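Notes follow the structure.
In this note's numbering, the protein residues as written are 242 to 325.
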């Protein structure tokens with residue numbers, strides 16, 4: 242496994258059997274993609290439709306960006322929730 246920068250140093254000497262959650266998810270989004278995502282979200286597109294548009298292999302990659310953008314107040318909750 243390659244070197245991972247998580248934004249802060251972790252004393253790995255005190256840990257054993259390190260587990261990194263969601264290490265198979267593509268976390269990278271271009272600013273233009275985020276803008277397009279926000280428009281699709283506001284238009285009521287489904288998670289599956291958004292994943293297909295961005296050619297994401299797993300809808301979890303969309304769910305993660307929904308969480309991120311909601312926490313940053315970039316998107317608003319939708320009637321019916323995330324999976325509507």
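Don't be surprised by glycine CBs; every beta carbon is placed ideally from N, CA and C.
Note that this is a predicted model, so its numbers are computed, not measured.
Smallest Cα separation from residue 199: which of 289, 297 and 275? The requested residue 199 does not occur in the structure, where the chain is confined to residues 242 to 325.
Could you give the first and the last residue of the continuous alpha helix (DSSP H) run that contains residue 301? 301-312
Determine whether the beta carbon atoms of residue 266 and residue 299 lie at a separation below 8 Å. yes
Where does residue 320 fall in DSSP's three states? coil
Whose C-beta lies closer than 7 Å to the C-beta of residue 324 among residues of the same chain, with five residues either side of it excluded? 288
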